[in-house]
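In my numbering, the protein residues as written are 16 to 710. Glycine residues also receive a C-beta, built at the ideal position from the N, C-alpha and C atoms.
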């Protein structure tokens, strides 16, 4: 019925009254003569004309007597349709003459008539809404269009669910007419909250089709973009925000999103073309409409929106969003925190992981974290460390890191450390990086347990300095620098404790890391060596900076000379550590280790190195002379000569076991090694420091 009625109405002069056109269409379908729409409410016999609109502006016409059942079934149907037509005419007149009172009367009148239809209630609402949608483009601007939109608001006042169900299928694609109807509902403060709730339920419907969820998302975006509409979400704002973020997680896990590369065109270049981008636009509108524009800006600058739609980066985006809200939208944190707690135990993985990520990020807000007892939070974070899912353990470690920054949680250090130290042995780089970051935050607190951490990290940290994963290597080097900075007082007074041993054990990896192709690792090593120089008063800061930026052999030679002079008993360890890097698969590292051995050997006294170590060094350097990298071969030849000179200086009893190499005549002062320029020289100073900051 709706299609035929509105098809005829579209061709007729609609004038000011959409429902009047509906009435004429109904009469035309019944074969009755057309009647022009009434200009105002028809007075009843007992009432004065001027009093009708004031007393009962939109009272329904007198109900007709029901027709008997049986053969007169068709006339009864015609009578019902006639009554609906009369009601439409009368309601349209109310809309024309009355203001908001007409809208209220419209709601009451339409509700009464539609509820009288019984099982056809939903169908009639659908017909009216679809008719409004079809007539929208042909209505004149001004009063006619406002009248039609007021009818829609009147319907939504009593039948919000039916109106939303009728509009959603027409919102894909979201043309101008449908968008105008959604925006009109958004501007009406008496119905926008109900409509938003219905859209929220449509979005949450797990059994609903994907297209329905997409239509609901686009409708939400249209409504939330209207100024003032976000205020209608008071009471369910946190719930709506979490549903949108969780929906992004579901889409990210459901597909590797081949269209994610084309999602991120700015909104001013055209409408979004995917469900993910529609959801992001709705999120932006929700945040912007609430006055949290800085959250949107922070997410854009940090790449948070791109991460939110990524299959493997969604939780990183959630963490960025939580951090931005902690900084710029703290008025919603309590509501979010309360809404998150039941989701932490959800059986749905996407909902649970999104909630855990948000919960972890909100722990950065101390007032929010105080909503739960400290012991409860700590127990939950520690319990996540036993979860079989690595992602849950990673998020738990991040939460422990946020907890470590809270100065009021000092008494929980003994409970934090076992979980953090245990995670350093994980295979997942995210877990190791999170543990290193949490330990660094722990060191930044007042009265940090420097000596305890130096003891515990002694056997655990050096292997991470050589880790094959760039982020882990850079974070481990940075943690060592933070540890040295916090413990520099003990190092200056000459304490031979665990921290001093850790520094000397890490010296060779730090020097070699200056040549690391990873910019973050190289800069972290430079920063850590500067902290060591300051704490131990080496006076080598200029040399270290020169090696880092110019790969200067002369500066490296001076560093080795000081180390050999100050720590003669550690020379065998320095050489053995450096020897291990000669087998590295990385060309730059093999050459750097070869050069470092040459300078250490050159400045070493013959009495500090035994014959077995020299033989081992000579053998490994000899093998490098057949290396496929010519720069490594050239450096190995020079360093082998230095080893041979040191062996000759030890006396006739120390003969090398590899006589094939011709040895120069030993002299009291061994000539310094001269190495060709390195082809692995670092980027220029401008190139390095003009990039990103150290990790």
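Comparing C-alpha distances from residue 337 to each of 307, 362, 326, 360 shows the shortest one belongs to 307.
Our two residues, residue 195 and residue 253, have alpha carbons roughly 27 Å apart in a direct line. Rounded to the nearest angstrom, the Cβ distance from residue 551 to residue 610 is 23 Å, too far for a contact under 8 Å.
For the alpha helix (DSSP H) assignment, the uninterrupted runs of no fewer than 4 residues enclosed by the stretch 593-675 are, from N- to C-terminal side, 602-618, 626-639, 645-664. Contact annotation: residue 436 and residue 404 have beta-carbon atoms that are not nearer than 8 Å. With fewer than 16 neighbouring CB atoms inside 10 Å of its own CB, residue 581 falls in the exposed class. If the five residues before and after residue 451 are omitted, its C-beta is found closer than 7 Å to the C-beta atoms of 490, 491, 494, all from its own chain and listed in chain order.
DSSP places residue 318 in no alpha helix (DSSP H); its state is neither H nor E. At the C-beta level, residue 438 and residue 447 come within 8 Å of one another.
In the structure shown, residue 421 adopts coil according to DSSP, grouped into three states. In this structure, residue 293 sits near residue 229, with a CB-CB distance shorter than 8 Å. The C-beta of residue 213 has 16 or more other C-beta atoms within 10 Å across all chains shown, which makes the residue buried.
A contact is defined here as three or more CB-CB pairs under 8 Å, and the stretch 556-575 meets this definition with respect to the stretch 522-530.
Residue 573 counts as buried, since at least 16 other C-beta atoms from the protein chains shown sit within 10 angstroms of its C-beta.
About 13 Å separates the beta carbons of residue 172 and residue 144, which is beyond the 8 Å limit, so they are not a contact pair.
Residue state for residue 553 is assigned as coil, using DSSP reduced to three classes.
For residue 352, the uninterrupted alpha helix (DSSP H) run begins and ends at 348-355, by DSSP.
Distances from the alpha-carbon of residue 632 to those of 588, 257, 205, 265 put 588 closest. Annotation: the continuous alpha helix (DSSP H) that includes residue 493 extends over 485-501. Boundaries for residue 385: no alpha helix (DSSP H) harbours it, and the DSSP string shows neither H nor E there. In this model, residue 164 and residue 217 are separated by some 23 Å (Cα to Cα). Annotation: the continuous alpha helix (DSSP H) that includes residue 343 extends over 329-343. Distance between residue 248 and residue 402, taken at the CA atoms: about 36 Å. Boundaries of the alpha helix (DSSP H) around residue 468: 465-472. About 5 Å separates the CB atoms of residue 644 and residue 602; that is less than 8 Å, so the two are in contact. Its Cα nearest to that of residue 298, the residue 232 stands out among 328, 265, 232.
Residue 585 sits close to residue 519, with the two beta carbons spaced by under 8 Å. Where residue 293 is concerned, the enclosing alpha helix (DSSP H) starts and stops at 290-304.
Going by C-alpha positions, residue 594 is about 24 Å away from residue 486.
Rounded to the nearest angstrom, the Cβ distance from residue 268 to residue 362 is 15 Å, too far for a contact under 8 Å. Annotated three-state conformation of residue 176 is helix, per DSSP. In this structure, residue 341 lies away from residue 387, with their beta-carbon atoms at least 8 Å apart.
In this structure, residue 646 places its C-beta atom within 8 Å of the C-beta atom of residue 694.
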